[in-house]
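Below: one structure, written as structure tokens.
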Amino acid sequence: MTQVAEFNQCPVCTQTFPTGKTIEDTAARVVHDGQHLTGLGWCPDCAARRGDGFVAMIEIEEADVLPDNTPLRADKPRRTGRIGFLRRQVWEHFSNAQVPDEMVVFVGPKTMKEVDDLIASLVIEAARREREHLGATLQ
Ligand SMILES: [Zn+2]
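In my numbering, the protein residues as written are 151 to 289.
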């Protein structure tokens, strides 16, 4: 049997990446673009963000989002292609909901826009505070 590099697909960003393991080249494996996929696994980038306390937001079609931020079609959520990351505490404050253990939530485009607006307002507030701080130290 030939040994080949094993790939997983990230459930957050959908990238495929090598796991660093080798597996037997059997017909039972799913082969995608010459990559031997064996399943889902967080890619190093998304795993690092989760480790830093960020919640992954996967944007899906508005009609497919259930009130608890899970997808209507759990087996095949209709992704829009946008993802985002938000600090766990910010997500809990923003959504008034607990973050699932997997640190993944599904949001519609409306919610993603609200998060965008929230981040923009926080950036403006941080800049205002910085200006005040600088003003105070220059007196
Ligand atoms: Zn990823």
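The beta-carbon is built from N, C-alpha and C at its ideal position, and this holds for glycine as well.
Pick from the options: whose alpha carbon is nearest that of residue i?
i	options	result
Cys163	Thr176, Ala198, Val273 and Met151	Ala198
Thr230	Glu156, Ser271, Ile208 and Leu272	Ile208
Arg223	Glu252, Cys160, Trp192 and Glu211	Glu211
Thr188	Cys160, Ser245 and Val257	Cys160
Asp251	Glu280, His243, Arg238 and Pro259	Arg238
Val205	Val215, Val257 and Phe167	Val257
Pro259	Arg179, Gly201, Arg232 and Gly285	Arg232
Buried or exposed for residue i, going by 16 or more other Cβ atoms inside 10 Å?
i	result
Gln165	exposed
Pro217	exposed
Gln289	With a pLDDT of 48 at Gln289, under the threshold of 50, the modelled position of this residue cannot be trusted, and the question is left open.
Asn246	exposed
Met253	buried
In angstroms, rounded to a whole number, what distance separates the CA positions of residue i and residue j?
i	j	result
Thr169	Asp195	13 Å
Asp225	Ala276	40 Å
Arg200	Gly285	37 Å
Ser271	Arg278	10 Å
Leaving out the 5 sequence neighbours to the left and right, which residues in its chain are closer than 7 Å to residue i when beta-carbon positions are compared?
i	result
Gly234	Met207, Met262 and Val265
Thr172	Gln153, Val154, Ala155 and Glu156
Thr220	Phe256
Could you name the residues of the same chain whose beta carbon sits closer than 8 Å to that of residue i, not counting the 5 residues immediately before and after it, in chain order?
i	result
Gln248	Glu242
Excluding sequence positions up to five away, which residues of its chain have a Cβ less than 6 Å from the Cβ of residue i?
i	result
Val180	Leu187
How many whole angstroms separate the CB atoms of residue i and residue j, which I take to be in contact at a CB cut-off of 8 Å?
i	j	result
Asn158	Gly191	4 Å
Hey, is residue i close to ligand 3, as in C-beta under 8 Å from one of its heavy atoms?
i	result
Gln165	This structure lacks ligand 3; its bound ligands are ligand 1.
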